[in-house]
Every structure is written in C-alpha cells, then in structure tokens.
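Student:
Residue numbers (my numbering): 241 to 347.
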C-alpha cells in the first residue's frame with residue numbers, strides 16, 4: 241500500500257486556481273452592452289435600463305447581450321433619428337454613429 245503525501249501548499253493553490261477560473265468565467269461573460277466609442281475605447285454597460293448616453297458607431301462594433309432589443313439614436317437623450325435596432329444577442333457595426341441608447345426597463 242502506498243501513502244500519498246499532499247504538500248501543504250497544494251490545497252491553497254487549488255483554491256486560488258478555482259477562484260481564478262470563476263473570475264475568468266465572469267469576465268468572459270462581459271458586460272451586457274458593449275461598444276467602441278468615438279474615443280476609440282471599448283465601453284461596457286452592465287444591467288443598463290432606460291436611456292443611456294453612449295457615443296459610438298462610425299462602423300465600430302456594438303454588442304447587445306441584453307435580454308431585449310435596444311434602439312440606438314443619433315441624438316443625445318434618445319432623441320433624433322433612430323440609427324439602428326439591435327436584437328438580443330446581436331453584434332453589428334453601426335453607421336454613421338449614435339449618441340444614446342434606449343434599453344428596455346424591466347421589473
């Protein structure tokens with residue numbers, strides 16, 4: 241019969257590794273709405289509701305991971321021309337640009 245010896249550091253390393261993987265899975269999920277802004281930086285919104293100021297577009301990618309459709313407006317405060325509507329789960333390029341986004345208000 242063999243006796244298996246476990247080093248004292250192994251349980252701590254396993255715990256750290258599992259918490260790292262959980263953190264990575266959460267990070268992989270990412271924000272609910274993500275876009276490349278007019279400043280060429282990636283912006284993300286988690287659990288957005290109502291009208292949100294967000295300046296993006298100009299053929300840059302937009303990702304809608306919310307549970308509903310979102311409407312992109314050319315003007316601030318969800319005003320002006322509707323530039324596009326992205327369904328839940330859709331990724332698209334938006335032209336020419338948008339200044340605000342209306343998200344569904346859920347309970």
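C-beta: ideal position from N, C-alpha, C; glycine also.
All values reported here derive from a predicted model rather than from experimental measurement.
Starting from residue 316, trace the beta strand (DSSP E) both ways and give me its first and last residue.
Tutor: Residue 316 -> no beta strand (DSSP E), and no H or E assigned at all.
Student: Just confirm the distance between the C-beta atoms of residue 313 and residue 323, as a whole number of angstroms; I'd bet it's less than 8 Å.
Tutor: The pair is a contact, with the Cβ atoms about 7 Å apart (cut-off 8 Å).
Student: Can you tell me which of the three DSSP states residue 287 falls into?
Tutor: DSSP places residue 287 in coil when its eight states are reduced to three.
Student: So, with DSSP's three-state summary, where would you put residue 339?
Tutor: Residue 339: strand per DSSP, three-state reduction.
Student: For residue 299, I'd like the list of residues in its chain whose CB is within less than 8 Å of its CB, leaving aside the five on either flank, ordered along the chain.
Tutor: For residue 299, where only same-chain residues beyond five positions count, the Cβ hits under 8 Å are 333, 334, 335.
Student: Cβ atoms of residue 325 and residue 290: under 7 Å apart, would you say?
Tutor: No.
Student: Nearest to residue 270 by alpha carbon, out of 305, 277, 296?
Tutor: The shortest Cα separation from residue 270 among 305, 277, 296 belongs to 305.
Student: Closest to residue 319 by CA distance: which of 292, 297, 280, 330 is it?
Tutor: If we check each option's Cα against that of residue 319, 292 comes out closest.
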